[in-house]
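Novice: Sequential numbering from 2 applies to the sequence shown in my numbering. Every residue, glycine too, gets a C-beta built ideally from N, C-alpha and C.
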Amino acid sequence: MKNFTLTIFLISCFTVSSFGFSKNKTLSENNIAAFFIPDPSLYTYAAPIIDDATLLAFFKKYSQLKEYQNDVSTLYKDRSYKSIWYEGNDINEFGHLMYEKLNSTYEEGIQVRIPYKDKIDEVFNEESTKKIPDSDTELLLSSMYILYAKHVFQGMDAAAQNKIEWYLPKKKLSYETLLDSIVTNPNLLDENNHVLFSQYYKLQNVLKKYREIEKNNTWKTITMPNPYKDLRPDDTGVTIQDIRTRLFVIGDLAQDSKSNFYDQELMDGVMKYKLRHVLTPNYIINKEHINQMNEPLSDRIKTLMLNMERCRWIPPTLENQEEYVMVNIPSFRLYFVRNGNYDVVSKVFIGTPLTKTVIFSGQIDRIVFSPYWYVPSSIIQNELKLKIAEDKNYLAEHNMEWNGGNVRQKPGPENALGLVKFMFPNPNDIYMHDSPSKTLFGFEKRIFSHGCINVEKAKELAVAMMKDYPEWTIDKINTAMSGEKETPFKLTKKIPIYIGYFTAWVSKEGDIGFFPDVYERDVKLNSLLFPLDTGYKTANN
Numbered sequence: 002m003k004n005f006t007l008t009i010f011l012i013s014c015f016t017v018s019s020f021g022f023s024k025n026k027t028l029s030e031n032n033i034a035a036f037f038i039p040d041p042s043l044y045t046y047a048a049p050i051i052d053d054a055t056l057l058a059f060f061k062k063y064s065q066l067k068e069y070q071n072d073v074s075t076l077y078k079d080r081s082y083k084s085i086w087y088e089g090n091d092i093n094e095f096g097h098l099m100y101e102k103l104n105s106t107y108e109e110g111i112q113v114r115i116p117y118k119d120k121i122d123e124v125f126n127e128e129s130t131k132k133i134p135d136s137d138t139e140l141l142l143s144s145m146y147i148l149y150a151k152h153v154f155q156g157m158d159a160a161a162q163n164k165i166e167w168y169l170p171k172k173k174l175s176y177e178t179l180l181d182s183i184v185t186n187p188n189l190l191d192e193n194n195h196v197l198f199s200q201y202y203k204l205q206n207v208l209k210k211y212r213e214i215e216k217n218n219t220w221k222t223i224t225m226p227n228p229y230k231d232l233r234p235d236d237t238g239v240t241i242q243d244i245r246t247r248l249f250v251i252g253d254l255a256q257d258s259k260s261n262f263y264d265q266e267l268m269d270g271v272m273k274y275k276l277r278h279v280l281t282p283n284y285i286i287n288k289e290h291i292n293q294m295n296e297p298l299s300d301r302i303k304t305l306m307l308n309m310e311r312c313r314w315i316p317p318t319l320e321n322q323e324e325y326v327m328v329n330i331p332s333f334r335l336y337f338v339r340n341g342n343y344d345v346v347s348k349v350f351i352g353t354p355l356t357k358t359v360i361f362s363g364q365i366d367r368i369v370f371s372p373y374w375y376v377p378s379s380i381i382q383n384e385l386k387l388k389i390a391e392d393k394n395y396l397a398e399h400n401m402e403w404n405g406g407n408v409r410q411k412p413g414p415e416n417a418l419g420l421v422k423f424m425f426p427n428p429n430d431i432y433m434h435d436s437p438s439k440t441l442f443g444f445e446k447r448i449f450s451h452g453c454i455n456v457e458k459a460k461e462l463a464v465a466m467m468k469d470y471p472e473w474t475i476d477k478i479n480t481a482m483s484g485e486k487e488t489p490f491k492l493t494k495k496i497p498i499y500i501g502y503f504t505a506w507v508s509k510e511g512d513i514g515f516f517p518d519v520y521e522r523d524v525k526l527n528s529l530l531f532p533l534d535t536g537y538k539t540a541n542n
């Protein structure tokens, strides 16, 4: 839109209508004086008149837009029924920007039917002779603004989100306030703003790249030998050549030598691929890795769109916190962020599909060193009682004891919670904690818990969180984590925690990672957003 003013100036050399003159009045040598000395008979500056009667008549005529009537009416009432999209006879710069954005919904990662799009196209088609009244154009653009804001800035409504168990805070959207901001600063709709959670724009850029790959038809299926044998450096074969080509297409290799030999260049590309997908950082390529690479490009594109939708639900203020913890369930990763930097990045393992870790936001208010583990009643009933019946010494052998009719495990290195836990009030009674089962962090797909989040670098996380408490020296933390007695500490400054579900995520370095849809939430979300699309299936389900 930066060239819009220049475009209007150039067009004015050929047609008077570009400067608000009456339509079809061509500027010629005979009337060029009219360009400098305006003749009132040739033009008017009256913007379309909007009132309640006009609004009622419009939505009766354009019945497919009926659902937007209340919101559109509110826009005009708040502006004393003044035109939003016109300056005199001409559609203003913001109107052209709105039309541009309407045409970019494909790039926005949404698929939405736009009623009366043909009529809007005619309005912005200089050569079209099928023009509608300016008042219709005005209200069509306002309806399109509501449609666009609803789908891009707000996304799925709360009722639909509840169906997929998404409980992160959803930003509140005021169409009136947003429009005021955009009118004041049209660039607010550009991708360099903070109207949406910043991850949205990063995913959008990747979406453009993957659609370009789709357009160029360079996504070829990798040959899978049968029987399959893990691939290692110095191996040869057509599969090696196919992998090399794929890594070149998606950017992990700078060139494609077409070689079928697993050389150092390919090793570097494989490592880059594995790191951004948070896979075990080695050079072995197993069958599961090939399956992931062979996910259809159309499904990768859909995965990007689904995660862009999730970004629309998250308030951009999430990233403005001085410090916070973010857990991404599908990538099995925890990030402790302070002043925009990752102070701690840790592997985690999460709940099984039967005991899912919930999507949640809250405040960490306590750290408990050398904690007791109070065994949940469900575990007592479904598991523990059977083991006690089989072995009367089971509790003692596992450092457990009865406590007021319940069972708890005493502090110690073998405690199920490890040597520290992080508490945040929530209705699901979940928390983060250390784990004595360190070997489980070596698996790529880590779904082992009863719902809580087990943190590999739990001690490092505790140390990072305690930096604001100078009395908590490393020696004091080590003593508290000795496993001898439970030592709780209440944080005077609560730390926000966000447990989210993103199967596609762009790192700070700009690298895209795709992660397994461990709870099949992508499939559920896809069925809500695209009910006619029954063929979508993510990898590693």
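Should R522 be labelled buried (16 or more other beta-carbon atoms within 10 Å of its own) or exposed?
Specialist: Classification of R522: buried, given that the 10 Å Cβ count is 16 or more.
Novice: If L420 and G484 are in contact, beta carbons under 8 Å, what's the gap, nearest whole angstrom?
Specialist: L420 to G484, Cβ: 6 Å. Contact.
Novice: Excluding the 5 residues flanking P297 on each side, which residues of the same chain have their C-beta closer than 6 Å to its C-beta?
Specialist: Counting only Cβ-Cβ distances below 6 Å, and skipping sequence neighbours, we find nothing.
Novice: How is the alpha helix (DSSP H) around F59 delimited, first residue to last?
Specialist: D53 to K62 is the extent of the alpha helix (DSSP H) around F59.
Novice: Ordered along the chain, which non-local residues of its own chain (more than five positions away) have a Cβ less than 6 Å from that of V524?
Specialist: Nothing listed; no residue qualifies.
Novice: Check whether the segment 267-285 and the segment 244-252 are in contact - that is, three or more C-beta pairs closer than 8 Å.
Specialist: Flag = yes, the segment 267-285 and the segment 244-252 touch.
Novice: Excluding the 5 residues flanking K441 on each side, which residues of the same chain have their C-beta closer than 8 Å to its C-beta?
Specialist: Note that residue 441 is Leu in the sequence shown here, rather than Lys. For L441, where only same-chain residues beyond five positions count, the Cβ hits under 8 Å are F350, R447, F449 and N455.
Novice: Pick out whichever of H451, L141 and N383 has its Cα sitting closest to the Cα of K61.
Specialist: Checking every option, the nearest Cα to that of K61 belongs to L141.
Novice: Nearest to I285 by alpha carbon, out of D243, D235 and L254?
Specialist: Among D243, D235 and L254, the Cα nearest to that of I285 belongs to D235.
Novice: Does Q112 come out as helix, strand or coil in the three-state DSSP assignment?
Specialist: Note: Q112 maps to coil in three-state DSSP.
Novice: Kindly identify the DSSP beta-bridge partner or partners of I454.
Specialist: Answer by DSSP bridge pairing, in chain order: M433.
Novice: Here's the rule I'm using: 16 or more other beta-carbon atoms within 10 Å means buried, otherwise exposed. How should I475 be labelled?
Specialist: Classification for I475: exposed.
Novice: Spatial neighbours of D392 within its chain, please: C-beta separation below 8 Å, excluding the five flanking residues on both sides.
Specialist: Within the same chain, D392 has close Cβ partners E398.
Novice: What are the partner residues of S362, as DSSP defines its beta bridges?
Specialist: The partner list for S362 (beta bridge, DSSP) reads Y499.
Novice: Taking Y229 as the reference, give the member of R409, V239 and S84 with the closest Cα.
Specialist: Nearest option by C-alpha distance: V239.
Novice: Report yes if the CB atom of G341 is closer than 8 Å to the CB atom of N427, and no otherwise.
Specialist: Taking 8 Å as the Cβ cut-off, G341 and N427 do not qualify as a contacting pair.
Novice: According to DSSP, is S528 helix, strand or coil?
Specialist: In this structure, S528 counts as helix in the three-state DSSP scheme.
Novice: Cα separation between T356 and V519?
Specialist: Cα to Cα, T356 sits roughly 12 Å from V519.
Novice: Select from Q70, M145 and P489 the residue whose C-alpha is nearest the C-alpha of H97.
Specialist: H97 has its Cα closest to that of M145, out of Q70, M145 and P489.
Novice: Three-state secondary structure (DSSP) at T353?
Specialist: T353: coil per DSSP, three-state reduction.
Novice: Quick check on the DSSP output: the alpha helix (DSSP H) that includes A481 runs from which residue to which?
Specialist: Segment I475 to A481, the alpha helix (DSSP H) holding A481.
Novice: Go ahead and pull the three-state DSSP assignment for A505.
Specialist: Note: A505 maps to strand in three-state DSSP.
Novice: Taking the continuous alpha helix (DSSP H) assigned at G96, which residues delimit it?
Specialist: G96 -> alpha helix (DSSP H) spans E94 to L103.
Novice: Go ahead and label P354 buried or exposed: buried means 16 or more other beta carbons lie within 10 angstroms of its beta carbon, across all protein chains shown.
Specialist: By the neighbour-count rule (16 or more Cβ atoms within 10 Å), P354 is not buried but exposed.
Novice: My output table needs one value for R546: the three-state DSSP class, helix, strand or coil.
Specialist: Look at the range of the chain in this structure, 2 to 542, and you will see that residue 546 is not part of it.
Novice: Counting C-beta neighbours from all protein chains within 10 Å, is the total for T551 16 or more, i.e. buried, or is it exposed?
Specialist: Shown here, the chain extends from 2 to 542; a query on residue 551 therefore has no answer.
Novice: Please state whether the Cβ-Cβ distance between Y87 and P49 is less than 8 Å.
Specialist: Contact flag set, yes.
Novice: What's the gap between the Cα of M99 and the Cα of S143?
Specialist: Each residue's Cα considered, the two are about 9 Å apart.
Novice: How would you write the range of the alpha helix (DSSP H) that G270 sits in, first residue to last?
Specialist: Taken as a continuous stretch (DSSP letters only), the alpha helix (DSSP H) holding G270 covers Q265 to R277.
Novice: If we ignore side chains and look at the alpha-carbon of each, how far apart do T224 and D243 end up?
Specialist: In a straight line, the C-alpha of T224 is about 7 Å away from that of D243.
Novice: For K348, list the residues DSSP reports as bridge partners.
Specialist: According to DSSP, which records beta bridges pairwise, K348 is partnered with R334.
Novice: Where do the N-terminal and C-terminal ends of the beta strand (DSSP E) with K422 fall, by residue?
Specialist: Taken as a continuous stretch (DSSP letters only), the beta strand (DSSP E) holding K422 covers V421 to M424.
Novice: Nearest CA to the CA of M424: which residue from Q162, P331 and P489?
Specialist: Nearest option by C-alpha distance: P489.
Novice: Could you give the DSSP three-state label for L141: helix, strand or coil?
Specialist: It is helical.
Novice: Looking at C-beta atoms only, is the number of pairs between the segment 325-343 and the segment 305-317 that lie closer than 8 Å three or more?
Specialist: Because the criterion of three Cβ pairs below 8 Å is not met, the segment 325-343 and the segment 305-317 do not touch.
Novice: With a 10 Å radius around its C-beta and 16 neighbouring C-beta atoms as the bar for buried, classify F444 as buried or exposed.
Specialist: Exposed, by the Cβ-count rule.
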